[in-house]
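Participant:
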C-alpha cells in the first residue's frame, strides 16, 4: 500500500512515479512495445501491441450542436434557441491572435510533434516532480480535441459525461490511439479549427465564436491580442478564470498567456507588456436562449414552432429522432409570422386585458387560402412567475395548449349554417323559433338517432325574442331555438361532416361528439387557432387550408448547409363557393347590425360571429376579411371565473359577452395587422330579409322583469357532452340581468345569459 504523507496524498516522489507510469505507458504505445495488462480496458491479460491494436481506431465525431435561429416572415430574428450556444466558423474566420494564443498556452509544440508530445511529457514530468504536484499536463491539443468529442457525444447525460472525462489509464490509452488517427486524417490546421469550435469557454459559450460574442460582443475574427489571450486562458478552467465573476484571476491568467506568447515568439516582449496594461475590455452579451426571449412577445408562437418540429414526422420517424435534430441545432427556421400583425395583436391584447386580471385573452390570425399563421399572442406573458404561464391558450393540448380548449358558444353556429346550405336548405328558410322549447327528438346522427330522453330544453335570450325568424335575422341575433330546429331538420351527421372538412375538433384532438349541444351551441372546447383556421375557409370561398407556421428550414452541420423538408398546408374544398358566399353575407350582418357591431371594421369588408358560454366563463369573437381571419378568446383557463361584475383591463363590466370584450380586441388587432394592405371585397349573395323586418318589440335598454339568473349549475359537461346551458349575452346598454331561470333543466343545463337589447352573442 503506498505510503502517504502526514498531510494526506502521495509524496512528491510517489506522484512523480505515478505520472511517469502513465507517460512511459504512452511512450510504449507509440514505440510499439508490449503493454502491461489493463483489465479496465478489456485488453488481453498477456498485454501486447495486439491488444492496443484491438481498440477502436475510428473517432465518431458527432455534428457539433449549434444555435438555432427562428425568424419571422421578413427574416427578422424572433428567438435563438440552443442546447449549446455555438456557431461553427472556419479557421480563416478566427483571429490569428486567437490561434496563436491557444497553441502557445495549451500546446506550444503543436506544429512540431505528432499526436503525442514525448518531449512535453518529459518536461511536464520534470516540472511536476520538482513542484511536488501534478501542476502541468502533457496532453496535446489533438488529445484534448478527442476528449472534447467524447464530451460532446455525451451531451447532457451526466453519466456519459462522467465516463467521457474519467481520468483512467484505459481512457487515456483510448484517447492516445484516436489522437494518432485524427493526426493522420485531419492535419494540424483542421485539428486546430475543430478544437476552437468544440471547446468550452464558460458562460454557456461553446466554441470561440460564441465566446467572442459572449465576452466582447464581437466576432472571433476581430479579436485583438489581449482579448485572444483572455479567451485562451479561460479554457483550462472556465469557472476559475471566469472574467465576469473574477476579473482579477482572469487578468492574471490572461497575462500568463501573453507571457507565453512572447516566450514562443508569437509576439514581442513589448507587445506583451503593452497588452498586459490594457483593461479586460469586457462587453458582455448575456445569454439569450429559448422562446422566453422572443421579440415582439412572440414566445408562444416560437414555442408552437418547436412543438410542430417535435411532433411532425416530416422531421423524423420518432419524437426521439426529431428531438435529436432539434437539440443538435444549426437550424435557420423561417416562419410565417408577420411582424406587423404580431405587434398589432399584442398591442391590442395589452390595451384591453391586463396580465394581472383574473381572466386571460388569446388571439390568433391566419391567412385565408394559405393557412399561414401570421400572429399568435395572449395577455399573460410566457414564463413561470406570477401572472405568467407556459400554456399557449391559442393551440391544442398536443402543442402546449390547454387540455381541452375552450367552449366556443355561438361562434359554432356558422358551421351548422354552412352544413344546412350544403344540404340545399335555402338561406331564406324560416323556423318558428319560440322563446323556449324541448330539444326535438329524435335527431338522426351518422349512426343511431340521438334521443332527448332527459327532456333537455333550450331557450332564447329573453321572452320577447319569439319567431318566426329567417336565417339572416336569426344569425344576426343568434337565436338559439332557430338553430336547434335547423339542426333537427338536417340531422347531426351533415354538421359533423362539415366540422371534419373544416378540421374543427376539440382541444384534446378528439372529434366533436354528435349531440345538439356540441353541434348547434358550441359546448365543447376548441382552440383559437382551430376557430381562426375554420373561419378562414369562409373567407377563401370554401377552400380550407390546414394551418402552417414554418416556411423553410436550412440546417448547418459543421460548415455545410442543406435544406430540410417542411410541413405544407393541405388545401381542399370544404363547401361550394355559393355556400361560403352565403355565410359571408350572413356574417356581415352580425358586424353591421347584429351582436358584433362593436367589432366591425369601417374601412373594409368584414364578417364575424360572437359567442358567450354558460355563466359567462368564455367569450369569443371570430371574424375575418377576405385576406385575414382571426379568433379572440377571453376567459379563465381553469374555467372557474364567471365574467360578471368584473374589471378587465381597468374597465368594469357588469356582464361580459362576445361583442363587448373580445370584439374590440379583434377590431384593434385586425386594424393594425391590415394597415397598408389590400382591401378586397366579398362576393355577396342577395338574401332577402324576413317579411316583418322586426325587432320583436324590444325597447332600447329594456329589462325583462321578474326573472332571476337561475345560477344553479356548475357548467361542467354532462354525460351527453352538454355544457351547462350554453347561450349568448346581449350587447345593449340596458341589460343588467343574467336571465334565464332553470326552465326545468336538470342542473340549469340551458339558460338565458343577459337581457340587454341588441341581440345576443
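Numbering (the numbering used here), first residue to last: 56 to 816. Ideal placement from N, C-alpha and C gives every residue a C-beta, glycine not left out.
My guess is that residue 679 and residue 655 are in contact by the Cβ rule of under 8 Å, so how many angstroms apart are they, rounded?
Facilitator: In the chain shown, residue 679 corresponds to position 624, counting from 1. In the chain shown, residue 655 corresponds to position 600, counting from 1. With 8 Å as the limit, residue 679 and residue 655 do not qualify as a contact, their Cβ atoms being about 12 Å apart.
Participant: Exposed or buried, residue 506, counting other C-beta atoms within 10 Å across all chains shown (16 or more means buried)?
Facilitator: Here residue 506 refers to the residue found at position 451 of the chain shown. That one is exposed.
Participant: Run through DSSP, which three-state label would residue 676 get?
Facilitator: Translated into the one-based positions of the chain shown, residue 676 becomes position 621. Of the three classes helix, strand and coil, the one that applies to residue 676 here is strand, per DSSP.
Participant: Less than 8 Å between the C-beta atoms of residue 723 and residue 358, yes or no?
Facilitator: Locating residue 723 in the chain shown gives position 668, where the first residue counts as 1. Locating residue 358 in the chain shown gives position 303, where the first residue counts as 1. No. Outside cutoff.
Participant: Taking 7 Å as the limit between beta carbons, can you name the residues of its chain near residue 230, skipping five residues before and five after?
Facilitator: Here the question's residue 230 lines up with position 175 in the chain shown. Closer than 7 Å at Cβ, skipping near neighbours: 198, 201, 202.
Participant: Using the Cβ count rule (16 or more neighbours within 10 Å means buried), how would you classify residue 731?
Facilitator: Against the chain shown, residue 731 aligns to sequence position 676. That one is exposed.
Participant: From the DSSP output, in three-state form, read off residue 373 for me.
Facilitator: As a working mapping, residue 373 is identified with position 318 in the chain shown. Reduced to three states, the DSSP call for residue 373 is coil.
Participant: Does the segment 640-656 come within contact of the segment 689-702, defined as at least 3 CB pairs closer than 8 Å?
Facilitator: They do not touch, by the three-pair rule.
Participant: Report yes if the C-beta distance between residue 463 and residue 644 is below 8 Å; otherwise report no.
Facilitator: Taking the first residue of the chain shown as 1, we reach residue 463 at position 408. Taking the first residue of the chain shown as 1, we reach residue 644 at position 589. No. Outside cutoff.
Participant: Look up residue 630 in the DSSP assignment and say whether it is helix, strand or coil.
Facilitator: Residue numbering aside, residue 630 sits at position 575 when the chain shown is read from its first letter. Coil at residue 630, not helix or strand.
Participant: List the whole-angstrom C-beta distance separating residue 416 from residue 399, where the pair is believed to meet the contact cut-off of C-beta under 8 Å.
Facilitator: Here residue 416 refers to the residue found at position 361 when the chain shown is read from its first residue. Here residue 399 refers to the residue found at position 344 when the chain shown is read from its first residue. About 14 Å; that fails the 8 Å criterion.
Participant: Please state whether DSSP places residue 310 in a helix, a strand or coil.
Facilitator: The residue given as residue 310 occupies position 255 in the chain shown. The answer is helix: DSSP assigns residue 310 an H, G or I state.
Participant: Excluding the five sequence neighbours on either side, which residues of its own chain have a C-beta within less than 7 Å of the C-beta of residue 574, listed in chain order?
Facilitator: Position 519 of the chain shown, counting from 1, holds the residue named residue 574. Taken in chain order, the residues that qualify are 471, 542, 547, 550, 551, 567.
Participant: Roughly how many angstroms lie between the CA atoms of residue 271 and residue 279, to the nearest whole one?
Facilitator: For the purposes of this step, residue 271 is taken as residue 216 along the chain shown, with counting starting at 1. For the purposes of this step, residue 279 is taken as residue 224 along the chain shown, with counting starting at 1. Between residue 271 and residue 279, the C-alpha separation is close to 11 Å.
Participant: Specify, as a first and last residue, the run of the alpha helix (DSSP H) that residue 357 falls within.
Facilitator: Sequence index remark: in the chain shown, residue 357 carries index 302 (1-based). Its alpha helix (DSSP H) spans residues 354-366.
Participant: Does DSSP classify residue 549 as helix, strand or coil?
Facilitator: Sequence index remark: in the chain shown, residue 549 carries index 494 (1-based). Residue 549 falls in the helix class under three-state DSSP.
Participant: If you draw a straight line from the alpha carbon of residue 460 to that of residue 583, how long is it in whole angstroms?
Facilitator: In the chain shown, residue 460 corresponds to position 405, counting from 1. In the chain shown, residue 583 corresponds to position 528, counting from 1. Approximately 8 Å, taken between the alpha carbons.
Participant: Could you pull out every unbroken beta strand (DSSP E) segment of at least 3 residues lying fully inside the segment 494-545, listed in chain order?
Facilitator: With a minimum length of 3 residues, the continuous beta strand (DSSP E) runs that stay inside the segment 494-545 are 512-514.
Participant: Report the rounded CA-to-CA distance for residue 635 versus residue 681, giving the unit in angstroms.
Facilitator: As a position in the chain shown, residue 635 is number 580, starting the count at 1. As a position in the chain shown, residue 681 is number 626, starting the count at 1. The alpha-carbon atoms of residue 635 and residue 681 are separated by roughly 11 Å.
Participant: Which residue or residues does DSSP assign as beta-bridge partners of residue 611?
Facilitator: Residue numbering aside, residue 611 sits at position 556 when the chain shown is read from its first letter. Answer is 616, bridged to residue 611.
Participant: Is the Cβ-Cβ distance between residue 513 and residue 539 less than 8 Å?
Facilitator: As a working mapping, residue 513 is identified with position 458 in the chain shown. As a working mapping, residue 539 is identified with position 484 in the chain shown. Yes. Within cutoff.
Participant: Less than 8 Å between the C-beta atoms of residue 586 and residue 592, yes or no?
Facilitator: Start at 1 with the first residue of the chain shown, and residue 586 comes out as number 531. Start at 1 with the first residue of the chain shown, and residue 592 comes out as number 537. Cβ atoms of residue 586 and residue 592: not closer than 8 Å.
Participant: Let me know if residue 602 comes out buried or exposed under the rule of 16 or more other beta-carbons within 10 Å of its beta-carbon.
Facilitator: The sequence position of residue 602 within the chain shown is 547, counting from 1. The residue is buried, with at least 16 neighbouring Cβ atoms inside 10 Å.
Participant: Report the residue ranges of all alpha helix (DSSP H) runs contained in full by the segment 647-733; include only those spanning at least 4 residues, in chain order.
Facilitator: Qualifying alpha helix (DSSP H) stretches, in chain order: 717-729.
Participant: Quick check: what's the CA-CA separation for residue 486 versus residue 524?
Facilitator: On the chain shown, residue 486 is found 431 positions in, with the first residue counted as 1. On the chain shown, residue 524 is found 469 positions in, with the first residue counted as 1. Each residue's Cα considered, the two are about 6 Å apart.
Participant: Return the residue from the list 618, 600, 614 that minimises the CA-CA distance to residue 608.
Facilitator: Within the chain shown, residue 608 is the residue found at index 553, counting from 1. Out of 618, 600, 614, 618 has the C-alpha closest to the C-alpha of residue 608.
Participant: Looking at the strands, I want to know which residues DSSP matches up with residue 418.
Facilitator: In the chain shown, the residue the question calls residue 418 occupies position 363. According to DSSP, which records beta bridges pairwise, residue 418 is partnered with 432, 687.
Participant: Rounded to the nearest angstrom, how far is the Cβ of residue 384 from that of residue 122, given a contact under 8 Å?
Facilitator: Within the chain shown, residue 384 is the residue found at index 329, counting from 1. Within the chain shown, residue 122 is the residue found at index 67, counting from 1. About 6 Å; that satisfies the 8 Å criterion.
Participant: Measure the CB-CB distance between residue 476 and residue 482 and report whether it falls below 8 Å.
Facilitator: Numbered from its first residue, the chain shown carries residue 476 at position 421. Numbered from its first residue, the chain shown carries residue 482 at position 427. Yes, Cβ-Cβ distance for residue 476 and residue 482 is below 8 Å.
Participant: Measure the C-alpha to C-alpha separation of residue 247 and residue 154 and round it to an integer number of angstroms.
Facilitator: On the chain shown, position 192 is the one that residue 247 refers to. On the chain shown, position 99 is the one that residue 154 refers to. Each residue's alpha carbon lies about 8 Å from the other.
Participant: Going by CA-CA distance only, name the one from 620, 650, 665, 658 that's closest to residue 590.
Facilitator: Along the chain shown, one-based indexing puts residue 590 at 535. For residue 590, the nearest C-alpha among the options comes from 665.
Participant: With a threshold of 16 other CB atoms inside 10 Å of the CB of residue 106, please say whether the residue is buried or exposed.
Facilitator: For the purposes of this step, residue 106 is taken as the residue at position 51 of the chain shown. In this prediction, residue 106 has a pLDDT of 49, which is less than 50 and means its spatial position is unreliable; what the coordinates show is noted afterwards. Answer is buried; the Cβ neighbour count reaches 16.
Participant: Measure the Cβ-Cβ separation of residue 454 and residue 283 and say whether it is below 8 Å.
Facilitator: The count along the chain shown starts at 1 and reaches residue 454 at position 399. The count along the chain shown starts at 1 and reaches residue 283 at position 228. Not in contact: residue 454 and residue 283 (Cβ atoms no closer than 8 Å).
Participant: Rounded to a whole number of angstroms, what is the C-alpha to C-alpha distance between residue 650 and residue 675?
Facilitator: Position 595 of the chain shown, counting from 1, holds the residue named residue 650. Position 620 of the chain shown, counting from 1, holds the residue named residue 675. Going from the Cα of residue 650 to the Cα of residue 675 covers about 12 Å.
Participant: Can you give me the C-alpha to C-alpha distance between residue 413 and residue 404, rounded to a whole angstrom?
Facilitator: What you label residue 413 is simply residue 358 of the chain shown in a count that begins at 1. What you label residue 404 is simply residue 349 of the chain shown in a count that begins at 1. Whole-angstrom Cα-Cα distance: 14 Å.
Participant: Can you tell which of 441, 371, 740, 729 has the C-alpha that lies nearest to the C-alpha of residue 622?
Facilitator: Numbered from its first residue, the chain shown carries residue 622 at position 567. For the residues 441, 371, 740, 729, the minimum Cα distance to residue 622 belongs to 371.
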